[in-house]
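Just so you know, the sequences run in chain order G and B. The first sequence maps to residues 61 to 1057 in our numbering. The second sequence maps to residues 128 to 619 in our numbering. Glycine is no exception: its CB is placed at the ideal position from the N, C-alpha and C atoms. Below you'll find the structure, written out as structure tokens, and then a few comments.
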Amino acid sequence: MTSTRRLVWCVLAVLQLAAAARATIGTTLQSQLGNPSGATSVATATTNYLIARPQYALSYNNTTREPNWVSWNLTTADIGTSGRSANFFQDTTLPAGFYQVLTTDYSGSGYDRGHMCPSGDRTITDLDNEATFFMTNMIAQAPDNNQGVWANFESECRSIAAAGNEVLIISGPSGYAGATIASGVAIAGYTWKIAVVVPLGTGSAVSRITSATRVIAIKIPNIAGVRSTPWQNYITTAGQIETDTGYTFFTDLPASVATALRAKIEGAAPVGSPSITTQPAAQTAALGGSATFSVTATGDATLTYQWSRDDVVLPSAQSATLILSSLTAAETGNYSVVVKNSLGSATSVAVSLTITGLSPAIVTSPSARTVPAGSSATFAVVAAGSPTLTYQWRKAGVALTGNTTATTAALTLPNAQAADIANYDVVIANSVGSITSAVAALKVTPAAPSVTSVPATQISAPGATATMTVVASGSAPLTYQWRKAGVPLTDNSSATTATLSISGATTADSGSYDVVITNSLGSTTSAAIKLNITVIPPDPVLWDFTTATATSGLPADVSGGTIVQRNNFGTTQTLTTVSVSSGYTGVSGTSNAGAAARVGSLNLAEGGSAFFEFTLTPAAARQLCITGLSFGARSTATGPQAYALFVVNGAAEPALIATGPLANNSVWSRITPTFLPVLSDTATSVTFRLYGCNGSGNAGVNTANWRIDDLAVQLITGAGLTAGATKERRLTNLSSRVRTANLPDVAIAGFTIAGTASKLVLIRAAGPTLGALGVSGSLSAPKLELFRGAGSIETNTGWTTAANSAAIAAAASSSGAFAFAAGSNDSAILTTLTPGGYTAQISSGTGSAGVGLIEVYDLSSATAGQNLVNLSTRALAGTGSETLISGLIIGGTLPKRVLIRAAGPALAAFNLTGVLARPQLTLFSGNTPVFVNTGWSTSADAAAITSASAQAGAFAFAAGSADAAMIVTLAPGAYTAQVTGVAGATGLALVEVYELP
Amino acid sequence: MNRRGIFALLMAAALLAVAVLILRPFAPSAASLRPDSAPGSMAVVNPADLSAEYASLAAAIQLADPRIRARTLGQAFQALLERDFEAALLTMRALPRGADYDTALFLLLDGLHRRDPERALALARDLATTREQAAIYNVFFDTFAHANPAMAVSRLAFVPPGPARENAVRALAGVWLRLDAPVALAWVRQLPPVERAPALESALHELARTDPLQVIELAQTSLMGPALERTLFLAVQKLTVTDPAAAVGIVPLLPAGDTQTRAALEVARALAAKNPAAALDFIAQLPSGSASALALNSVLTSWVATAPAAAAQYVAALPSGPRQDAAAAHLAGLLAREPANALAWAQSLPSVNARAAAQVSLASAWAQIDPAAATLWASTQIVGPAATSALTGALSYWVLSDATAACDFVTTLPASTQSVAAVSIAPQLAQRDPAAALAWAQTLADLAAREAAIAAAYTRWVDNAPSVARTWLDSANLSGELKNRLRFPAAR
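Laid out in structure tokens, this is it:
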């Protein structure tokens, strides 16, 4: 015998002797619930060997080298101050032939020597505690299980015991999957424990267990990661553990009790406790009538019932059915019932009792009112009753008529005058009865005129009727006198009414208006109203092919527009329309025109074979200028591969003005040919022919149909138009005034050069010079950097440092730009750019925030299709001097159509934060606002904005978004588009200007 | 046939083999599991590959004892797993859902998640569908979090909602907090509410070991319901160990109810271990009622270990009433290790009710050490409710340890107490040996005691084995009237 084993043997001997001397029945106390596996203390029972100690009883398994189960009881009397043993003990009491697990057998295994009967449950004496450290009381327990959730439940059991209970506990391992630690001790898949909670009392716990006794059964995975999981997550039933282990628990309890305990789930309602199967239903009954509530419940033994109304117990209502008779209004309320038996209780839902036929009763009477003349006066009454109440307000006892509020609970007199002074009351009625309120007096005090509301700015088109309305209050009668620029209007009959109407308005009617309102007590003058009569952009002429004629947009001074279908053999056909089979952005979705190409040459040079044709004719003394055309098209592999647009201008020969490919994949796409504006002679027709061809000269091909849809033509009518004028009709300058600092607040301006030829461009970033012009907070040293794509092309941080500074100054002068001071820190780049998209970034060269101006000038001569077509600027939009401003100049002598957008919310989709929530876009001509928009989708041009945005390549705004946009046709000149936040809000915004055909 | 083709056939064979295992009611032979036993084209598969593993699985599934079956099946499946993971996966998929499936699932995923986390997550999402199976996510995220918490967070995206996700965030939060508490708490706080609560509870569970006061503060502002109560109680438990005085101030701040009561008990006991007077001061601040009474019991339990005389004196000096009665009963039980002294103290109590309560409690506690002496003493008390309780209480322990001696003793009791004593032990006797119990009952001299004991024993027997009991009754040498009473107990 080794010295170690001798020592262990001695310790054990002492332990056993002490235990035997101290307690005589301790062993039987520890297994009061029975012997789950029928363990015996015979040496041959190698897998089910019973060890009974005063501190616990267990069944030991020599195969798994662990206990099968351990059973013990726990009361607060078992908890003392002994502390935790410093040693584990090899169990030498095992019969010969059993493997005695060594205290070191778990070393390095990664598993704890996990107590089944916890050390903490046996702390009255050191010997009691040490008895729990026999290796026969240990299993290989995952540390997270043992030290976490398992330890918590051990603590819970001690807490339950401290709360005046005796706890009978059985625990063990289960779910072995064959794994062992190196010494051969098996690793269980689960640890389980059953705690039967018996309130302290007289006699043994087992003699006091009933079916109502609380049982907590848990089954916890013996794995990592469960350390902090509450034990409540692993609640199961003793019955489940029996299934897992094959044991039978509670063998020393009556069968009926054992059955009940096996099924118990901690926290769940006890089996046999009441359960409501039919809830009571809400009731409606007449006053004086009766109502019945009933409930159906199941549960063991006798059920008792207790009804409540609004949570107040009804003492005599103690059956499953509650009958209420001779109902009074006081019995209105919510009723519920509690069903009980010895095992528990269940509470029904609360349901209402509504008593009908309650005559009206006034809760709050109307009160007297005193208001100044011209104001509104409101009387209100609050009443209750059933069924529905009706109201009739009266003035001096006479029912009021002609006022829609006179039959509601609140009477409003919108314009109280002396004539309204009276006593008012209200008659409230229903089918049961009626009641009249007390009277309430109305007093109206005399009042001088005051303006309630007046519009700020009115914009109207030439020839339309412009109206302005003022709302005023005050003692009647009120008189009105409208004025323009302070001068009373005498030639307009509406000038002495609240609404001024100017029919057939002209630009001469633009100006500042106000109105003087007068009564016997005085007069007042409204704030100024700015009226701007300006050009309304013409809608494009549109064919959607529901018919062959133009569907909309044909000006009054243009006739024609019927499309026919023809071919080169002289055949003219009625246009055939078919349904759209597939869509594209902007398609009308109803029908389209199909053209069958005939046998013959499809050579482009010969004009193709099949075409669409329409003719537009200006009225007498008028000219027609077609500036753009677009259409949707669809073709197939055997259909036309290209289109050709010919024009027949008056008596001239047909001329090819544009051509391009047609997609041959049966997919719709929108095509916008580029061509020089077509200018007609006075009162002279212009005919367009749109050919389908293949461009390769193949003949004799019988093509399939090709189709077009949604043809749109932009045109201008007028007199005295010249070809040069139409060519000059373009954007020559775009600029933005922004507030910027360093990244990420750098301001970014994007611009696009259309066409195929390079263009000389002047780009400037003004800072100090702005200050000299009176702009406060201007950048002291703006840095200008020009990019194409991600690549930087050129940078300038002071225009005079540029090698071509002299040329910059000259270019600025020739383009009409204000001059930079010599040696100033304003920056500029003069360069020739190929067509494409560019960005110019302006930032603070000093790191300080400030206001700057970024400008792009087109210095090239006017060439059709070779234009500066777009400028967009992203920057902070603030208020006052920090307003985000874009400037644009329309060159030439003809109006130009542009799309201007102010994106705020839409920027969020690009992962930008701090965006301007609701931008207001205002277009100014000089200092005069000409157009305002605070929500693009509310604009009458919403549909046009959508299609124009798509056509211009701009990203789409979400439907109903607060982003702002406008399509305007502007006379040549300088304009500014200003972006501010509604209600003074600030944020990141993007302002964009697009040239439109 | 290329390797892929062979592999596919092998998989099919594995499935077929498992199907055979499942569907056949009789024990399959190892041959039936071999691929060459499959019909048709399956015969081309090399039969030697996995036949041994399939045979082992087949044998394991036939075992009835759940403990042995789990162990054997686990070993067989592990062997298959080590030979061919994909075959093991297919085999596992074919197992019926239940303990066998769960065993295989855990073996398979436990190994897989360490070498191929993404696949393990994907498989678990497909295969671990019950609450019990979802425990695999505890293992996963314990491993992931130990390796790299940030990576573990990213893998949460592959965890389905419900128990799986709860287990994952609990494991992750707990491990992470041990690794880096501030970062872990910051992560927990930004979780959506459904995940924040379990994650925070787990994190606070860990934090409670080192900073229970912070846990109490955080829990009260961030948790609710059972999670709040669990966390508060745990934190107070920890605090009582390190700073009972601080815990005193916390108890009134806890939600009223069970949590507060249990916390009060913990604090009272911890205080009493160091300073009983301070513990009594603490109790005095509690509202009267069960919490206060239980807290006093906790103090007494601790106090009696160090100064039993002082504790006894304190209880004796309490004002008479229910509070003293309860304290006297509790203390008497604690003093029972020295029954003579305890008895003397109990009998010295001036209050009749306190004295009775103490004596009844003492009898039961004493009986756990020396049931014969305790029962004998109880039987000598003046007949009355307290004496009856003391006697039956002591007897209930004696019958546990030595039923024969207890029965013999009952036969010696006078008629005045024999009946109640016999009735109290007869069910326990009948639980283990009903025939012997009834035989003993029929030996009782007193008629009333005899019939009452017979009825008590028979009632238990009927509960446990009604047909056997009724058969016995039919042939028992009992009066007809008694038989009728036993047959129709409700008719009495």
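Got a sec? Which residues, its chain only, sit under 6 Å from F353 (chain G) by beta carbon, not counting five neighbours each side? P340, L382 and Y395
Let me know if P288 (chain B) comes out buried or exposed under the rule of 16 or more other beta-carbons within 10 Å of its beta-carbon. exposed
Report the option in G:A377, G:V530, G:S264 and G:Y451 whose CA atom is closest to the CA atom of S516 (chain B). G:S264
In the segment 178 to 205 of chain B, which residues sit with their C-beta less than 9 Å from some C-beta in chain G, listed in chain order? A191, D192, P193, R194, I195, A197, R198, T199, L200, G201, Q202, A203, F204 and Q205
Excluding sequence positions up to five away, which residues of its chain have a Cβ less than 6 Å from the Cβ of T502 (chain B)? By the criterion of a C-beta distance shorter than 6 Å, T502 (chain B) is surrounded in its chain by A521, L522 and W525, once the five residues flanking it on both sides are discounted.
Work out the CA separation of S612 (chain G) and A470 (chain G) for me, nearest whole Å. 49 Å
Using the Cα positions of D312 (chain G) and V479 (chain B), report the straight-line distance between them to the nearest angstrom. 36 Å
For the alpha helix (DSSP H) holding D485 (chain G), just list the boundary residues, first then last. That residue, D485 (chain G), is in no alpha helix (DSSP H); its beta strand (DSSP E) goes A482 to A489.
Out of G:A222, G:L976 and G:D770, which one is the CA nearest neighbour of A1049 (chain G)? G:L976
Distance check for Q364 (chain B) and A308 (chain B), CA to CA, integer angstroms please. 21 Å
Using a Cβ cut-off of 7 Å, which residues of the segment 514 to 537 of chain B contact any Cβ in chain G, in chain order? S516, T519, G520, S523, Y524, L527 and S528
Are the segment 910 to 919 of chain G and the segment 815 to 828 of chain G touching, with three or more C-beta to C-beta distances below 8 Å? Output reads yes: the segment 815 to 828 of chain G touches the segment 910 to 919 of chain G.
Can you give the beta carbon distance from S946 (chain G) to V1053 (chain G), rounded, assuming they're within the 8 Å contact cut? Confirmed, about 6 Å.
For I220 (chain G), does the three-state DSSP call read helix, strand or coil? Looking at I220 (chain G) - three-state DSSP - the assignment turns out to be helix.
What do you reckon, are the CB atoms on P314 (chain G) and S405 (chain G) nearer than 9 Å? Against a cut-off of 9 Å, the Cβ pair of S405 (chain G) and P314 (chain G) comes out as no contact.
Listing by chain order, which chain G residues have their CB less than 7 Å from the CB of E333 (chain B)? S288
Same chain only: Cβ atoms within 7 Å of F213 (chain G), ignoring 5 sequence neighbours per side: These residues qualify, in order along the chain: K253, I278 and W291.
Since A391 (chain B) and A399 (chain B) are thought to touch, with beta carbons under 8 Å apart, how far apart are those beta carbons, to the nearest angstrom? Not really, about 12 Å apart at Cβ, beyond 8 Å.
Note down, in chain order, each residue of its chain lying with its Cβ closer than 7 Å to the Cβ of S419 (chain B), except the 5 sequence neighbours on either side. I410 and L413
Considering only the beta carbon of each residue, do Y159 (chain G) and G244 (chain G) sit closer than 9 Å? yes
Would you kindly report the start and end of the unbroken alpha helix (DSSP H) that includes A469 (chain B)? P466 to S475
Nearest-angstrom Cα distance between R454 (chain G) and A969 (chain G)? 58 Å
Check for me: the beta strand (DSSP E) holding N856 (chain G) runs from which residue to which? G851 to N856
Could you have a look at R144 (chain G) and say whether DSSP puts it in helix, strand or coil? coil
If contact is defined by three or more beta carbon pairs under 8 Å, each pair taking one atom from either stretch, is the segment 146 to 158 of chain G in contact with the segment 231 to 241 of chain G? no
Going along the segment 409 to 436 of chain G in order, which residues come within less than 7 Å of chain B, judged by CB to CB distance? none
From A801 (chain G) to V1042 (chain G), what does the alpha carbon distance come to, in whole angstroms? At A801 (chain G), the pLDDT of 47 sits below 50, so the modelled position is not reliable; the number obtained from the coordinates is stated separately. Per the coordinates, the alpha-carbon of A801 (chain G) lies some 24 Å from the alpha-carbon of V1042 (chain G).
Tell me where the beta strand (DSSP E) around R369 (chain G) begins and ends. T364 to R369
Tell me the residue span of the beta strand (DSSP E) that contains K544 (chain G). T539 to K544 is the span of the beta strand (DSSP E), which, as asked, contains K544 (chain G).
Taking only beta carbons into account, state which residues of the segment 346 to 361 of chain G come closer than 8 Å to chain B, listed in chain order. none
With DSSP collapsed to three states, give me the class of W303 (chain B). DSSP places W303 (chain B) in the helix class (H, G or I) of the three-state scheme.
Apply the 10 Å Cβ neighbour rule to V1051 (chain G) and answer buried if 16 or more other Cβ atoms are within range, or exposed otherwise. buried
Since T416 (chain G) is in the beta strand (DSSP E), which residue starts that stretch and which ends it? V411 to T416
Using a Cβ-Cβ cut-off of 6 Å (strictly less than) and excluding sequence neighbours within five positions of T337 (chain B), which residues of its own chain qualify? Counting only Cβ-Cβ distances below 6 Å, and skipping sequence neighbours, we find nothing.
Which residue comes first and which comes last in the alpha helix (DSSP H) that contains N424 (chain B)? S417 to T433
Rounded to whole angstroms, what is the Cα-Cα separation between A588 (chain G) and V990 (chain G)? 16 Å
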